[in-house]
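When you number the sequence shown by this note's numbering, it's gap-free, plus one each residue, and the end is 747.
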Amino acid sequence: MSLMLSVALFAGCALVIGVVGTRLTGVVDTLADRTGIGEAIAGAVLMGMATSLSGIVLSVTAAWKGQPELAMSNAVGGIAAQTLFLTFADAALRRVNLEHAAASIGNLAQGTLLMCLLGMLLVARYSPEWTLWGIHPVTPLLFLGYVYGLRIIDEVRSQPMWMPRRTRETREDAPDDEAQRYSLTRLWGAFAALALLLGVSGWVMEKAATTLATETGMSQTAVGILLTSVATSLPELVTAVAAVRRGALTLAVGGIIGGNAFDTLFAAASDIAYRDGSIYHAVSDQTLLWIALSVLMTAVLLLGLVRREKHGPARIGFESVALVLLYGAGVAMVFHEAS
């Protein structure tokens with residue numbers, strides 16, 4: 409594959425991912441109201457999984473081909489990029505800080521689950537390099553932890569022990585009566601078709617990304633963090649901004665945090681696909697840095713949800729400013745390492 413064709417394919421896949429992500433927001437929001445599962449859970453499970461399909465296909469394909477750096481950097485780079493995208497959604501909600509209006513116990517629980525899963529990735533890297541059939545023991549624990557975490561999130565949503573204080577700017581997750589007009593069969597069909605498009609885009613993008621790394625001399629880590637992770641995360645950016653404009657504020661935040669929690673499973677799936685031992689021990693310190701950076705960015709986001717600042721600098725919250733600075737520092741370190 410030539411360099412020009414790779415660039416064209418990469419750009420084309422990024423466009424498809426962005427367009428499909430826009431359509432996906434409306435489908436998931438309607439499904440949340442039609443099924444009664446709520447925007448926080450719909451954002452975490454339905455939107456999180458669907459918008460992550462292109463990324464997980466890319467990571468698993470790269471791991472299967474013996475490219476652990478591309479697989480892992482795409483996963484953790486996507487988490488950092490998607491957390492940054494909340495800044496754009498925050499800017500789109502001009503009247504108040506997004507983290508103030510979208511505060512919910514479900515989103516706080518999702519953020520806590522995400523930090524636990526990211527911590528498990530770091531534990532895997534510094535634990536003994538034990539494997540069974542080429543799979544590290546932390547890999548099944550990641551899947552179990554994710555499923556158990558979703559169960560806890562559902563429990564705290566249905567039977568909360570405490571709730572954030574309501575203000576005039578708080579937007580509660582209230583079902584839309586018009587959603588009952590739509591057929592569940594049609595909604596689930598549209599959801600499956602859009603998710604399939606995202607998965608195929610990720611498979612094609614992996615081939616283009618591999619060629620870009622080879623032809624340009626960029627490291628797999630740099631390609632994963634600066635290119636593929638951002639491109640495969642475009643649905644989260646598009647859906648978050650679209651959800652804010654639709655007034656589905658809980659869905660906007662829940663989709664990002666829930667998608668990030670699901671993205672940690674990229675690493676688990678990649679470890680299964682990687683046949684040369686533990687993938688956690690096959691990556692560089694630069695990739696580990698981005699795992700730690702993702703933990704820090706998530707912690708800042710949680711502080712924003714707890715503090716609930718109404719207005720901050722540049723009409724966005726203090727946490728949005730901090731996220732921009734942290735992500736910028738990470739990108740600067742990537743370029744410094746490459747120079």
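The C-beta atom is built at its ideal place from N, Cα and C for all residues, glycine as well.
Computed from a predicted model, the values in this text were never measured in an experiment.
Between the CA atoms of residue j and residue i - distance to the nearest angstrom
{"i": "A636", "j": "L417", "result": "Contrary to the premise, residue 636 reads as Thr rather than Ala in this sequence. Straight-line Cα distance between these residues: approximately 12 Å."}
{"i": "R559", "j": "V531", "result": "23 Å"}
{"i": "L501", "j": "E507", "result": "10 Å"}
{"i": "L592", "j": "V652", "result": "24 Å"}
{"i": "A700", "j": "T491", "result": "13 Å"}
{"i": "V646", "j": "I425", "result": "9 Å"}
{"i": "V504", "j": "L461", "result": "32 Å"}
{"i": "L494", "j": "S728", "result": "7 Å"}
{"i": "A677", "j": "H744", "result": "30 Å"}
{"i": "E717", "j": "A497", "result": "15 Å"}
{"i": "W538", "j": "L526", "result": "19 Å"}
{"i": "E563", "j": "P545", "result": "28 Å"}
{"i": "G725", "j": "L540", "result": "46 Å"}
{"i": "M613", "j": "L605", "result": "12 Å"}
{"i": "D679", "j": "A740", "result": "28 Å"}
{"i": "L711", "j": "L413", "result": "44 Å"}
{"i": "G597", "j": "R654", "result": "22 Å"}
{"i": "C524", "j": "A660", "result": "21 Å"}
{"i": "S535", "j": "G542", "result": "15 Å"}
{"i": "R715", "j": "Y556", "result": "27 Å"}
Contact check, residue i vs residue j, beta carbons under 8 Å
{"i": "I671", "j": "G519", "result": "Per the sequence shown, the amino acid found at residue 671 is Asp instead of Ile. Not in contact: D671 and G519 (Cβ atoms no closer than 8 Å)."}
{"i": "A648", "j": "Y554", "result": "no"}
{"i": "I665", "j": "G485", "result": "no"}
{"i": "A488", "j": "S467", "result": "no"}
{"i": "E644", "j": "G662", "result": "no"}
{"i": "L757", "j": "A675", "result": "Outside the shown range of the chain, which is 409 to 747, sits residue 757, and nothing can be said about it."}
{"i": "T547", "j": "T629", "result": "no"}
{"i": "S512", "j": "T658", "result": "yes"}
{"i": "V703", "j": "F599", "result": "no"}
{"i": "L673", "j": "L516", "result": "no"}
{"i": "L642", "j": "T438", "result": "no"}
{"i": "G514", "j": "I561", "result": "yes"}
{"i": "V732", "j": "M480", "result": "no"}
Burial state of residue i, where buried means 16 or more other Cβ atoms lie within 10 Å
{"i": "V742", "result": "buried"}
{"i": "F551", "result": "exposed"}
{"i": "S566", "result": "exposed"}
{"i": "P476", "result": "buried"}
{"i": "M569", "result": "exposed"}
{"i": "R533", "result": "buried"}
{"i": "Y688", "result": "buried"}
{"i": "L411", "result": "exposed"}
{"i": "D581", "result": "Low confidence applies here, because D581 scores a pLDDT of 49, under 50, leaving its location unreliable; read the following figure in that light. The residue in question, D581, is buried, as its Cβ has 16 or more Cβ neighbours within 10 Å."}
{"i": "L423", "result": "exposed"}
{"i": "G625", "result": "exposed"}
Candidates the options, of which the one nearest residue i by Cα
{"i": "V631", "options": "L645, P643, A616", "result": "A616"}
{"i": "V638", "options": "C421, M412, L411", "result": "C421"}
{"i": "L432", "options": "A650, W570, I680", "result": "A650"}
{"i": "A656", "options": "L604, L710, A510", "result": "A510"}
{"i": "S686", "options": "A499, A471, M412, A730", "result": "A471"}
{"i": "E681", "options": "L711, T469, G738", "result": "The sequence as given places Ala at residue 681; Glu does not occur at that position. The residue with the shortest Cα to Cα distance from A681 is T469."}
{"i": "A419", "options": "D693, L620, L734", "result": "L620"}
{"i": "A730", "options": "H719, V708, V739", "result": "V708"}
{"i": "G736", "options": "L710, S609, W698", "result": "W698"}
{"i": "L602", "options": "V428, S481, L478", "result": "V428"}
{"i": "D684", "options": "V465, V415, G474", "result": "G474"}
{"i": "L478", "options": "A499, S609, V415, T618", "result": "T618"}
{"i": "V415", "options": "A499, G738, T622, D693", "result": "T622"}
{"i": "V465", "options": "A499, T640, L549, S627", "result": "T640"}
CB contact check: residue i to chain B, cutoff 8 Å
{"i": "V612", "result": "Included in the structure is just one protein chain, with no chain B present."}
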